[in-house]
Amino acid sequence: MNPADAFHPLRPRLLRIAYRMLGIVAEAEDVVQEAYLRWHQTDRAAVRDAEAVLVRTVTRLCLDVLKSARVRREEYVGTWLPEPIVDAVEGDDLTLPLMMALERLSPLERAAFLLHDVFGMDFEEVAKAMGRAPAACRQLASRARAHVREARPRFPVSEAQGSELASAFYVASRSGDMGALQALLAQDVVVYSDGGGKVKAALNPIYGQEKTLRFFEGLLRITGVNSSQRVHEGFIDGLPAFVTLEKDGTLQTTALGIEDGRIATIYVTRNPDKLQGIRGLVADKLPS
């Protein structure tokens with residue numbers, strides 16, 4: 049059996065699993081590449097189910113990465129957000145807030161929840177992938193489910209409504225129309241901004257409508273009105289979003305969590321290390 053013939057059809061699924069577990073595209077790609085190298089070294093003639101073997105390999109590699117990632121996340125400057133994926137692949141319901149909730153889980157809880165609840169594997173398969181007993185994996189997934197329940201959207205937003213709210217938010221936040229912006233925001237809105245210590249960003253989350261309005265007013269005093277260019281509209285990890293080129297030359301993604309028709313959460317990613325894929329997507333709209 050040619051190793052590539054069995055591997056490449058499974059690569060998108062393996063990459064989705066790795067990204068959902070790690071939240072960083074480059075790390076996910078590294079894990080999948082390592083799985084491919086190990087697949088080359090496997091006695092493939094003795095393998096009955098290539099997908100099961102490869103999922104098991106990717107899962108265990110991800111668990112190893114997560115152990116070291118936990119230390120790096122604790123040392124991260126400011127809020128850590130998953131790397132944004134524009135117009136994320138359909139096939140699971142893992143939104144950006146749910147991925148953030150997964151960050152609070154142990155690596156084993158995260159793996160059990162993702163493999164069973166998101167990717168639809170039964171607990172016998174999950175147990176083999178994780179090297180644990182099925183009963184233990186069932187318990188891990190149950191604990192994870194309880195922790196992330198609140199992160200699941202109660203009332204999913206339609207694509208049309210999400211796009212309309214994202215567009216209205218962009219216009220209001222850049223034009224200085226604080227009345228229009230206030231009308232879009234929930235009273236308990238939260239702003240998360242990830243600069244990773246590389247570019248300017250709010251170090252801590254901003255809570256509440258009043259503080260959020262003051263935050264955007266402050267930004268406008270610094271940058272001036274209509275100072276950014278919107279270079280892409282769409283969805284990021286399941287949320288209505290847009291990509292902008294800011295006045296200081298920084299590329300930025302903004303994704304919006306919607307509850308009851310209002311913006312309840314704003315996720316802003318500015319860390320350039322996390323925006324290389326986005327930069328490639330919008331390269332034709334950026335100054336040369």
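Each residue of the sequence shown is one higher than the one before, starting from 49 at the first, in the working numbering. We treat Cβ as the ideally placed atom computed from N, Cα and C, and that holds for glycine.
Alpha-carbon to alpha-carbon, residue j and residue i
i	j	result
Glu280	Gly297	The question names Glu, but residue 280 is His in the sequence shown. Taking the straight line joining both Cα atoms gives about 16 Å.
Arg318	Val125	12 Å
Ile284	Ala149	16 Å
Arg193	Phe161	7 Å
Gly245	Ile133	21 Å
Asp140	Ala231	Because Asp140 sits at a pLDDT of 49, beneath the cut-off of 50, its placement in the model cannot be relied upon, and the point is left open.
Met178	Ala100	11 Å
Leu268	Pro130	26 Å
Gly282	Asp135	6 Å
Asn252	Gly243	11 Å
Leu109	Glu82	8 Å
His164	Ala189	7 Å
Asp332	Ile326	12 Å
Gly266	Glu258	12 Å
Glu294	Leu146	28 Å
Glu138	Ser206	Low confidence applies here, because Glu138 scores a pLDDT of 42, under 50, leaving its location unreliable; read the following figure in that light. Roughly 15 Å between the two C-alpha positions.
Val330	Leu323	11 Å
Asp91	Leu111	24 Å
Ser154	Trp128	16 Å
Gly328	Ser116	28 Å
Phe263	Ala250	9 Å
Asp170	Glu123	36 Å
Ala289	Ala159	27 Å
Val176	Ala183	Going by the sequence as given, residue 176 is Lys instead of Val. Cα to Cα, Lys176 sits roughly 12 Å from Ala183.
Glu172	Leu233	45 Å
Gln89	Phe55	13 Å
Tyr84	Asp321	25 Å
Arg191	Arg118	19 Å
Ala52	Gln187	36 Å
Contact under 9 Å by Cβ, residue i with residue j
i	j	result
Tyr315	Tyr255	no
Cys185	Val174	yes
Leu213	Arg180	no
Thr260	Val291	no
Val79	Val113	yes
Trp87	Thr107	no
Val103	Ile65	yes
Leu70	Ala98	no
Glu151	Arg121	yes
Those residues which DSSP pairs with residue i across a bridge
i	result
Ala303	Ala289 and Tyr315
Phe161	DSSP output for Phe161 lists no bridge partner at all.
Asp242	Thr317
Ile254	Val239
Glu281	Phe290
Val166	None, per the DSSP bridge assignment.
Leu233	Ile311
Val134	Ile284
Nearest residue (CA-CA) to residue i, options the options
i	options	result
Leu63	Ala231, Glu75 and Gly266	Glu75
Pro335	Asp308, Pro288 and Arg278	Arg278
Arg310	Ala216, Leu102, Val106 and Pro57	Ala216
Leu287	Ser154, Glu172, Ser211 and Glu151	Ser211
Asp308	Glu122, Val247, Gln209 and Leu102	Gln209
Thr271	Gly328, Lys248 and Trp128	Lys248
Ala220	Glu172, Asn50 and Asn274	Asn274
Arg68	Leu144, Lys295, Glu258 and Ala189	Leu144
Gln235	Ala312, Asn50 and Phe171	Ala312
Arg61	Leu323, Asp91, Gly168 and Leu146	Gly168
Gln300	Phe263, Tyr218 and Leu233	Tyr218
Ser276	Ser223, Asp321, Leu233 and Pro51	Ser223
Ala93	Tyr84, Arg118 and Asn50	Asn50
Distance cut-off 8 Å: residue i Cβ against heavy atoms of the ligand ATP
i	result
Gly210	In the structure shown, the ligand ATP is absent, as is every other ligand, since no ligand is present at all.
Three CB pairs or more closer than 8 Å across the stretch 222-230 and the stretch 300-307: no
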